[in-house]
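Chains A and B, in that order, give the protein sequences.
If you count by the numbering used here, then the first sequence holds residues 11 to 212, one letter each, in order.
If you count by the numbering used here, then the second sequence holds residues 11 to 212, one letter each, in order.
Just so you know, even glycine gets a beta-carbon here, dropped at the ideal spot from N, CA and C.
Before any comments, here is the structure.
Protein chains: 2
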Amino acid sequence: MSRPTLDFFFEFASTYSYPAAIRIGALAKTAGVAVRWRPFLLGPIFKAQGFDNSPFNIYPAKGRYMWRDLDRICGGLGLPFHRPDPFPQPSLLAARIAYAGLDEGWGEDFCRAVYRAEFADGRPIGDEDVLRDLLQGLGVAAEPALVRARADEIKARLRAATAEAEQRGVFGAPTFICQDGELFWGHDRMADALAWAVGLSS
Amino acid sequence: MSRPTLDFFFEFASTYSYPAAIRIGALAKTAGVAVRWRPFLLGPIFKAQGFDNSPFNIYPAKGRYMWRDLDRICGGLGLPFHRPDPFPQPSLLAARIAYAGLDEGWGEDFCRAVYRAEFADGRPIGDEDVLRDLLQGLGVAAEPALVRARADEIKARLRAATAEAEQRGVFGAPTFICQDGELFWGHDRMADALAWAVGLSS
C-alpha cells in the first residue's frame with residue numbers, strides 16, 4: 011500500500027508557516043505520510059480579497075495578538091523566534107529557488123534554512139546574498155541554483171502553484187490539503203491534517 | 011489562596027464561541043479556574059476595522075473553511091451542529107438577557123441554552139419568542155427577565171463590556187483574558203488560556 015500524500019502549501023513570508031515547516035517532516039515521517047512541499051505566494055490571493063498588505067499589518071489588534079501567539083508557540087516548541095523587520099519579508103526569490111531545489115533533493119532543507127534565517131536569526135530573506143549564503147550552507151552551488159530559479163519554467167510553476175492553491179480553497183498559510191480535498195488551515199491544524207491523511211489510507 | 015480568574019469574552023453570533031461556551035464550565039472547574047462570563051458585541055469592533063458584515067461572509071473561501079472546520083470540531087467533541095441561517099444571527103437581545111441572568115444565577119445556563127438553540131437546533135436566537143421559550147425552559151420567569159434585559163443599566167453594561175473588550179485587544183470571539191492581561195483568541199486556545207491562568211496563581 012502506498013503512503014498517503016499531504017499537500018503542504020506554505021509562503022516564506024507567513025509567520026505560522028515557520029513552525030509548520032520546521033516540524034512537518036518529522037511528524038509526517040512518524041505518521042507515515044508523504045508530504046508534497048508546495049511553496050506559493052499569498053500576495054495574489056490577498057490581493058484578490060482586497061488586501062494590499064498582510065492582514066496582520068492592516069488590523070493592528072490582530073497583528074499584535076499574532077506576534078504574541080507565535081512567540082508563545084515557538085517558546086513551547088523550543089524554537090528560537092525573532093520578529094522579522096520589516097514584515098512581511100519579500101518571499102518571491104526564495105520561493106523560486108525552493109522549486110529549483112525540490113527537483114534536486116535539497117528543496118526541503120532549503121525551505122527550513124530560509125525559515126530559520128528569517129524567524130530565528132532575523133536575516134532579510136529577500137536579499138540575494140542571504141539566499142546565496144543559505145545555499146552554500148547546504149553545499150549547493152549558489153549561482154547555478156539562482157539561474158535555474160529565474161528560468162521561465164520555475165516562474166510558471168510558482169504561478170501555477172499559487173493558482174492551484176486559490177482554486178482549491180486556500181486563503182492563508184500554512185494550509186494542508188489531503189488527497190480527498192479535505193483542507194486544514196494553520197499550524198494548529200497540522201496534526202489533524204496528518205491524522206486525516208492517515209485515515210484515508212486505512 | 012483564591013482561585014485564578016479568567017475573563018471569557020464571547021458573542022452569541024460567533025461560531026467558535028459555541029463549543030467554547032458549552033465546554034468552558036467543566037474544563038475550568040477541573041483546572042480550578044473561576045470564569046467571568048462576558049458577553050459582548052462583535053459588530054462595533056468589526057465596524058471599527060471596516061467590516062459591515064462577518065468576515066466569514068465577506069471572504070467566501072475563509073467562510074467555507076470555517077463551516078467545515080467547525081463541523082469537524084463539533085463532530086470530534088460529540089456536539090450536534092447545525093449551520094444557522096441566516097448567519098450571523100442577531101445577538102443583541104440575547105446578550106442583554108445574559109447580563110440580567112448573570113446577576114441572578116441563571117446566566118451561564120442561559121448562555122449555553124442560546125448556543126444550543128442556535129447551533130444545535132437551528133433556532134432563530136434573535137426572535138423574542140425563542141428567547142422567552144429558553145428562559146421558561148430554565149424555570150426563569152420570562153417577562154420580568156425581558157424587562158430587566160431592556161433596562162438602561164443592562165444596555166450600558168453590554169456597551170461597557172464591548173468597549174472594554176476592544177480596549178484590551180479583543181478582535182474576535184471567543185477571547186480569553188487572564189488576570190495579567192495575557193490574551194488567547196479562539197476555541198482552540200481555550201486550554202492554553204486555562205493553563206496560563208493556573209500558572210499565574212502558583
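Let me know the secondary structure DSSP gives A/LEU16 once reduced to three states.
strand
Considering A/LEU103, what are the terminal residues of the beta strand (DSSP E) in which it resides?
Counting along the chain, A/LEU103 falls outside any beta strand (DSSP E), though it belongs to the alpha helix (DSSP H) covering 102 to 114.
Under 8 Å, do A/LEU168 and A/TYR125 count as touching if we go by C-beta distance?
no
Quick test of your reading: A/GLU128 and A/LEU103, contact by CB under 8 Å. State the CB separation rounded to the nearest angstrom.
Actually they are not in contact, since the Cβ atoms of A/GLU128 and A/LEU103 sit about 13 Å apart, beyond 8 Å.
Looking at chain A, which residues of the stretch 187 to 207 of chain B have a Cβ within less than 9 Å of any of its Cβ atoms?
GLU192, LEU193, PHE194, TRP195, GLY196, ASP198, ARG199, ASP202 and TRP206
Going along chain B, which residues have a C-beta under 7 Å from A/TYR109?
Simply none; closest approach about 24 Å.
For B/ALA151, which residues from the same chain have a beta carbon less than 8 Å from its beta carbon, with the 5 sequence-adjacent residues on both sides left out?
LEU145
What residues of chain B sit near A/LYS72, judged by a beta carbon separation below 9 Å?
GLN59, PHE181, GLY182 and TRP195
So who's on the other strand from B/THR185, going by DSSP bridges?
B/PHE19 and B/TRP195
Between the C-alpha atoms of A/ALA161 and A/ALA105, what's the straight-line distance to the nearest angstrom?
13 Å
Mapping DSSP to helix, strand and coil, what is B/VAL157?
helix
8 Å Cβ cutoff met for A/ARG75 and B/GLY115:
The sequence given here has Tyr at residue 75 of chain A, not Arg. Cβ distance not < 8 Å, so A/TYR75 and B/GLY115 don't count as in contact.
Mind checking B/ASP131: buried by the 16 CB within 10 Å criterion, or exposed?
exposed
For a test of the three-state rule: what should DSSP assign to B/ARG178, helix, strand or coil?
coil
Using C-beta distances below 6 Å, list every residue in its chain close to B/ARG142, excluding the 5 sequence neighbours before and after it, in chain order.
ALA152
Return the first residue and the last residue of the beta strand (DSSP E) that A/PRO49 is part of.
44 to 49
Within 8 Å, do at least three Cβ pairs link the stretch 21 to 33 of chain A to the stretch 78 to 90 of chain A?
yes
So does the stretch 64 to 71 of chain B actually touch the stretch 89 to 103 of chain B, counting three or more Cβ pairs closer than 8 Å?
yes
Sub-8 Å separation of B/ALA203 and B/PHE186 beta-carbons:
yes
Just to make sure I have the definition right: I need the residues of chain B whose C-beta is within less than 8 Å of the C-beta of A/TYR69. Which are they?
GLN59 and PHE181
Tell me whether the beta-carbon of A/PRO54 lies closer than 8 Å to the beta-carbon of A/PHE22.
no
Quick check on this structure: which residue in B/ARG46, B/ALA36, B/GLY73 and B/PHE20 has the alpha carbon closest to the alpha carbon of B/PRO14?
B/ARG46
Return the first residue and the last residue of the alpha helix (DSSP H) that B/PRO70 is part of.
70 to 87
Looking at chain A, is there any beta carbon in it that lies within less than 8 Å of the beta carbon of B/TYR75?
yes
DSSP three-state call for B/PHE56: helix, strand or coil?
helix
Assign A/SER237 to one of two classes, buried (16 or more other C-beta atoms within 10 Å of its C-beta) or exposed (fewer than that).
Residue 237 of chain A is absent from the structure shown; chain A starts at 11 and stops at 212.
Return the first residue and the last residue of the alpha helix (DSSP H) that A/TYR125 is part of.
117 to 129
Let me confirm a value: B/ASP113 is counted as buried when at least 16 other C-beta atoms fall within 10 Å, else exposed. Which label applies?
exposed
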